[in-house]
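Participant: I am attaching a structure below and will ask some questions about it afterwards.
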Amino acid sequence: MLEAARLMMYRAAWMSDHKHVRHTAETSAAKSLASEALLKAINVAVEVLGGFGCTKRHPVERYYRDGRIWVFAQGAPNIQKMIVSRALFGE
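Residue 1089 is where the sequence shown starts when you use the working numbering, and the numbers rise one by one after that.
Shown next as structure tokens:
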């Protein structure tokens, strides 16, 4: 999943470099997949550490908090998916 998100990001960046190409859907798809991968990795880390992963003494707690904030700061995943579906299927 991580490699797919990386490749999608590279494609969106390439399209952005070519100013005449619209890349809104590609950028949103890359953000959505990267956010999904981030949340999945954080959840696995918290599950592996159990209760210790939720304490302030372990950095995973901060990663969980920061990751959730980062995902929604980039645009809610549902909004990103809506942008992609509108680009594919129209209004």
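Don't be surprised by glycine CBs; every beta carbon is placed ideally from N, CA and C. In this text, all values refer to a predicted model and were calculated from it rather than measured experimentally.
Would DSSP call residue 1144 helix, strand or coil?
Facilitator: As a position in the sequence shown, residue 1144 is number 56, starting the count at 1. The answer is coil: DSSP assigns residue 1144 none of H, G, I, E or B.
Participant: To the nearest angstrom, how far is it from the Cα of residue 1138 to the Cα of residue 1114?
Facilitator: The count along the sequence shown starts at 1 and reaches residue 1138 at position 50. The count along the sequence shown starts at 1 and reaches residue 1114 at position 26. Between residue 1138 and residue 1114, the C-alpha separation is close to 36 Å.
Participant: With distance defined between alpha-carbon atoms, name the residue in 1126, 1100, 1129 and 1109 nearest to residue 1116.
Facilitator: For the purposes of this step, residue 1116 is identified with residue 28 of the sequence shown, where counting begins at 1. Residue 1116 has its Cα closest to that of 1100, out of 1126, 1100, 1129 and 1109.
Participant: Would you mind listing the alpha helix (DSSP H) stretches within the region 1113–1167 that are 4+ residues and don't spill past its ends, in chain order?
Facilitator: 1147–1161
Participant: Quick one: is residue 1096 buried, meaning 16 or more other Cβ sit within 10 Å of its Cβ, or exposed?
Facilitator: The count along the sequence shown starts at 1 and reaches residue 1096 at position 8. Buried, by the Cβ-count rule.
Participant: Do you know how far the Cα of residue 1124 is from the Cα of residue 1052?
Facilitator: In the structure displayed, the chain extends from 1089 to 1179; residue 1052 sits before or after that span and is not available.
Participant: Just how far apart, CA to CA, sit residue 1089 and residue 1121?
Facilitator: In the sequence shown, residue 1089 corresponds to position 1, counting from 1. In the sequence shown, residue 1121 corresponds to position 33, counting from 1. Computed Cα separation, rounded: 8 Å.
Participant: In this structure, does DSSP put residue 1169 in helix, strand or coil?
Facilitator: For the purposes of this step, residue 1169 is identified with residue 81 of the sequence shown, where counting begins at 1. Helix at residue 1169.
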